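Participant: Residue numbers (this note's numbering): -19 to 48.
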């Protein structure tokens, strides 16, 4: 379930929901493009992978002004 995860991410990163959605969707799009280029079949949905990667600190969200 994504909702409890978003609450954890919001409190941990002190981000707003909009920034979280945009950041995760951009990462999910990258995951989809990479899988398509490599002709891979994904076992999980790209959004689920992106959320798990964010929770595991594999990437961080940055605001357009360069702040995290």
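Idealized CB from N, CA, C, for every residue including glycine.
Since this is a predicted model, take the numbers as computed values, not measurements.
1) Taking C-alpha atoms, which residue in 4, 25, -4 lies nearest to residue 37?
2) I need the DSSP call for residue 26, collapsed to helix, strand or coil.
3) So is residue 35 buried or exposed if we call it buried at 16+ other beta carbons inside 10 Å?
4) Roughly how many angstroms lie between the CA atoms of residue 18 and residue 26, to the nearest whole one?
Facilitator: For this structure:
1) Of 4, 25, -4, the residue nearest in Cα terms is 4.
2) Here residue 26 sits in helix by DSSP.
3) Residue 35 should be labelled exposed.
4) Their Cα atoms are separated by approximately 15 Å.
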